[in-house]
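Worksheet: the structure to be examined is printed underneath.
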Amino acid sequence: MTPGRGLVRYAGFAAVLSAAGLPIYIHAPKFYVDTQGVTLAQLSIALFALRLFDVVQDPLLGRLSERTREFRGSMVAGAGAIMATAMAMLFAIPPMLPPIWWFALSLALLFSAFSFLTICFYAQGVARAAQTDGNHVRLAAWRETGALIGVCIAAVLPTVLTGTGAPFLWYALAFAAATALALLLMAPEWSSRGTAPTSTGLRTVLSDAVARRLLLIALVNAAPVAVTSTLFLFFVADRLGAAGQEGWLLLLFFLSAAAAVPAWGKAAARFGARHTLMAAMTLAIVAFAFALPLGTGDLWAFAAVCIASGAAVGADLSLLPALFARRMAVIAPSAADGFGLWSFVNKATLALAAIVLFPILKASGFVSGELNGDLALWSLTLLYAGIPLGLKALALTLLARTGKGIDV
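Going by our numbering, the first residue of the sequence shown is number 2, and it counts up by one from there.
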């Protein structure tokens with residue numbers, strides 16, 4: 002098996018996985034409002050509960066992945082089948098329960114399978130890098146480029162399929178076919194070879210000072226993305242006065258991230274992943290600062306913000322997991338428990354964003370789609386750009402104070 006062929010497999014599997022992540026948060030709520038009569042209040046409660054469930058289960062799924070490491074191929078195949086079935090339940094099978102309960106059940110199954118597959122996938126990446134050249138950045142660049150391409154395709158595919166008359170039915174069928182192909186191509190990669198012969202456990206990860214620092218950096222660094230993704234649609238429609246322009250701006254963001262990943266990988270090979278990631282964080286800080294004064298009509302200036310912040314996210318998605326994977330290769334080579342914690346801290350920011358942001362906006366008098374006063378609009382701007390700017394600065398400080406020993 003050539004290293005290049007294996008990396009292409011990783012990119013393809015990442016593309017399919019990513020299609021079951023963020024795009025579902027974009028497509029599913031609107032689909033159920035439009036076709037099943039589910040209310041926004043019902044969706045808010047369901048999504049918040051699902052986010053909490055998704056966050057809490059990740060360390061447990063990491064433990065399950067670790068305990069079943071010798072049967073990972075079979076476990077992955079089963080989880081892939083559940084994920085594809087859940088996608089069909091969500092979009093292709095008429096609800097067999099009240100729609101909001103069917104929505105919640107479908108998403109719970111989908112995200113559980115997605116989380117388990119993601120943990121297995123990242124853990125296997127540690128073993129893959131150890132079996133080849135030990136280059137975690139190179140593998141991460143292929144993986145995250147594939148993931149970002151998958152996000153872009155999944156984000157626009159329902160629009161492309163509108164002419165079929167049943168775009169989400171065909172979306173679910175296309176996803177099932179892509180999942181089957183990805184599982185087939187990745188089958189040779191699932192192996193316990195190159196990993197630790199015995200389970201390491203959560204204590205091993207949490208007792209390591211460098212691993213704890215990287216988990217803290219991941220938590221702080223993921224928070225800006227959680228904030229901006231939660232408020233993106235509101236900022237474009239209400240602060241910029243550009244309702245209807247959200248789609249291409251979101252696509253521009255993800256395309257910029259995908260295009261930047263190879264460049265960040267090359268920079269990391271020359272200057273080190275840590276210094277390169279610090280440069281990307283600085284770029285994100287500049288982008289958020291540029292977004293602060295934007296107002297009605299500043300659409301093209303915001304497009305520039307999307308390009309810069311998207312490019313910075315490309316580094317976040319590829320280099321920070323590579324640093325963590327390198328540390329796992331040293332202290333816990335099987336890595337499943339480590340990436341269960343990694344997934345936990347990244348998803349925790351989404352739950353925190355849901356709890357904190359909307360009550361603040363409501364207190365400021367903000368109402369989506371209405372004529373808002375200066376206080377409400379400035380509150381939206383400070384939440385969307387000001388808080389992420391401060392959090393990025395904190396993440397940059399933490400990374401700068403972390404020793405060079407974490408580099409890859």
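We put the CB at the ideal spot given by N, CA and C, even for glycine.
Consult DSSP for residue i and reduce its assignment to one of helix, strand or coil.
i              : result
proline 360    : helix
glutamine 246  : coil
aspartate 209  : coil
methionine 97  : coil
aspartate 375  : helix
threonine 231  : helix
tryptophan 171 : helix
leucine 293    : coil
aspartate 299  : coil
tryptophan 103 : helix
tryptophan 265 : helix
arginine 271   : helix
alanine 21     : coil
threonine 196  : Unreliable placement is indicated for threonine 196, whose pLDDT of 45 sits below 50; the coordinate value is still reported in the next sentence. DSSP places threonine 196 in coil when its eight states are reduced to three.
valine 368     : coil
valine 39      : coil
arginine 402   : coil
leucine 241    : coil
With 16 other CB atoms within 10 Å as the buried threshold, where does residue i fall?
i                 : result
phenylalanine 303 : buried
serine 113        : buried
glycine 81        : buried
tryptophan 249    : exposed
glycine 242       : exposed
valine 221        : buried
arginine 73       : buried
threonine 277     : buried
tryptophan 191    : buried
arginine 70       : buried
valine 410        : Nothing about residue 410 can be read from this structure; the chain reaches only from 2 to 409.
leucine 182       : exposed
isoleucine 218    : buried
proline 159       : buried
proline 360       : exposed
isoleucine 286    : buried
threonine 225     : Checking the sequence shown, residue 225 turns out to be proline, not threonine. With 16 or more Cβ atoms within 10 Å of its Cβ, proline 225 is classed as buried.
alanine 364       : exposed
leucine 18        : buried
aspartate 375     : exposed
glycine 296       : exposed
Quick test of your reading: residue i and residue j, contact by CB under 8 Å. State the CB separation rounded to the nearest angstrom.
i             : j                 : result
threonine 350 : alanine 223       : 5 Å
serine 369    : aspartate 239     : 6 Å
arginine 271  : leucine 324       : So it is not a contact: roughly 16 Å between Cβ atoms.
alanine 386   : phenylalanine 289 : 5 Å
alanine 85    : threonine 180     : 5 Å
tyrosine 11   : glycine 147       : 7 Å
isoleucine 25 : leucine 111       : 7 Å
leucine 216   : valine 9          : So it is not a contact: roughly 30 Å between Cβ atoms.
threonine 382 : leucine 300       : Actually they are not in contact, since the Cβ atoms of threonine 382 and leucine 300 sit about 15 Å apart, beyond 8 Å.
leucine 251   : phenylalanine 233 : 7 Å
Between the C-alpha atoms of residue i and residue j, what's the straight-line distance to the nearest angstrom?
i                : j                 : result
alanine 20       : glycine 298       : 32 Å
arginine 328     : glycine 126       : 13 Å
alanine 42       : isoleucine 101    : 11 Å
alanine 316      : methionine 97     : 43 Å
threonine 283    : leucine 186       : 38 Å
glycine 391      : isoleucine 120    : 29 Å
glycine 266      : glycine 311       : 15 Å
threonine 199    : leucine 184       : Low per-residue confidence applies at threonine 199: pLDDT is 47, beneath 50, and the placement is therefore not dependable enough to give any value.
alanine 142      : glycine 166       : 37 Å
leucine 353      : alanine 260       : 30 Å
alanine 258      : leucine 318       : 9 Å
arginine 52      : leucine 108       : 10 Å
leucine 342      : leucine 372       : 42 Å
proline 95       : valine 237        : 33 Å
leucine 256      : phenylalanine 340 : 26 Å
cysteine 307     : glutamate 247     : 11 Å
proline 30       : serine 380        : 25 Å
phenylalanine 14 : leucine 384       : 34 Å
glycine 7        : tyrosine 123      : 14 Å
proline 168      : threonine 36      : 12 Å
alanine 413      : aspartate 55      : No information on residue 413 is available, as it lies outside the stretch 2 to 409 that the chain covers here.
leucine 65       : aspartate 209     : 21 Å
leucine 91       : phenylalanine 32  : 9 Å
arginine 139     : alanine 313       : 17 Å
glycine 366      : valine 357        : 15 Å
glutamine 58     : glutamate 67      : 14 Å
serine 230       : leucine 207       : 29 Å
alanine 197      : alanine 16        : Low confidence applies to alanine 197: its pLDDT is 46, below 50, so where it sits in the model is not reliable, and the reading given next is rough at best. Approximately 28 Å between the Cα atoms of the pair.
Does residue i have its Cβ less than 9 Å from a Cβ in chain D?
i          : result
leucine 48 : No chain D appears in this structure, which consists of one protein chain only.
#### Entry: Segments assigned alpha helix (DSSP H), at least 4 residues, entirely inside the segment 117 to 169
As far as the segment 117 to 169 is concerned, its whole alpha helix (DSSP H) runs of at least 4 residues are 137 to 161.
### Task
Note down, one range per segment and in chain order, each alpha helix (DSSP H) of at least 4 residues found wholly within the segment 68 to 92.
73 to 92
### Message
Please give the ranges of any beta strand (DSSP E) in the segment 308 to 349, keeping only runs that are unbroken, at least 3 residues long and fully inside the region.
### Response
none
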